[in-house]
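Asker:
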Amino acid sequence: MMKATCERQQAWLLKRFHTLCTKSGLSADDKAALIGGFGVESSRYLSVDQLQRACNALDKKLNPDLVETDKWRKRVIASVNGWLTLTSQSRNIERIKAIACRATGYKAFNEIPKDRLTNVYYSFLKKQHDFKAVGGIVKEELETLTYLN
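Residue 1148 is where the sequence shown starts when you use our numbering, and the numbers rise one by one after that.
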């Protein structure tokens, strides 16, 4: 059963690979060079992992916005993680993504568009700065009260 699943995945990726090559406008020589870079002579001999890497590279070439959006996803993860760390809350990737989804109203993290990711990133960054500033003020006030008593 596992072998059949792997073969189906490989067949699907192979089809996707050739579709992306066509959309990218790769010549036969360019395609051969790309395939040869993996040490094989035919795309049929590419492993699932190699096909995924090739498809990802072609996707990035076709859709440069995907790379930019991916950077914003990572920034959002870092800013939400920073907020959770600062407030001593438990954190894991699933919780971080769920918070980002709740903040934007999207059901899936990877569906959040770049402009919403940008908003969430700066919101959580601002929350961190505000929290630190308020914490400093509270500390000063407590020191003043202690000094007066």
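Where is the CB? At the ideal position from N, CA and C, for every residue including glycine.
Is the Cβ of Asp-1217 closer than 7 angstroms to any Cβ of chain D?
Answerer: In the structure shown, chain D does not exist; there is a single protein chain.
Asker: Using a Cβ-Cβ cut-off of 8 angstroms (strictly less than) and excluding sequence neighbours within five positions of Asn-1228, which residues of its own chain qualify?
Answerer: As a working mapping, residue 1228 is identified with position 81 in the sequence shown. Taken in chain order, the residues that qualify are Arg-1238, Ile-1243.
Asker: Going by beta carbon distance, what residues of the same chain come within less than 8 angstroms of His-1165, once the five residues before and after it are set aside?
Answerer: Sequence index remark: in the sequence shown, residue 1165 carries index 18 (1-based). Counting only Cβ-Cβ distances below 8 angstroms, and skipping sequence neighbours, we find Ser-1190.
Asker: May I have the straight-line CA-CA distance separating Arg-1263 from Ser-1226, to the nearest angstrom?
Answerer: For the purposes of this step, residue 1263 is taken as the residue at position 116 of the sequence shown. For the purposes of this step, residue 1226 is taken as the residue at position 79 of the sequence shown. Distance between the alpha carbons of Arg-1263 and Ser-1226: 14 angstroms.
Asker: Beta-carbon within less than 8 angstroms of Thr-1265's beta-carbon, same chain only, minus the 5 sequence neighbours each way: which residues are those?
Answerer: Reading the sequence shown from its first residue, position 118 is the one you call residue 1265. Around Thr-1265: Trp-1219.
Asker: Work out the CA separation of Lys-1162 and Gln-1199 for me, nearest whole Å.
Answerer: Taking the sequence shown and counting its residues from 1, one reaches residue 1199 at position 52. Taking the sequence shown and counting its residues from 1, one reaches residue 1162 at position 15. Looking at the two C-alpha atoms, the distance is approximately 12 angstroms.
Asker: How should Trp-1159 be labelled, buried or exposed, when 16 other C-beta atoms within 10 angstroms of its C-beta is the threshold for buried?
Answerer: As a position in the sequence shown, residue 1159 is number 12, starting the count at 1. Counting Cβ neighbours within 10 Å, Trp-1159 comes out exposed, since fewer than 16 surround it.
Asker: Within 10 Å of its beta-carbon, does Cys-1168 have 16 or more other beta-carbons around it, so buried, or fewer, so exposed?
Answerer: Against the sequence shown, residue 1168 aligns to sequence position 21. Result: buried.
Asker: Verify whether the separation of the beta carbon atoms of Gln-1299 and Val-1195 is less than 7 angstroms.
Answerer: The first residue shown for the chain is 1148 and the last is 1296, placing residue 1299 beyond what the model contains.
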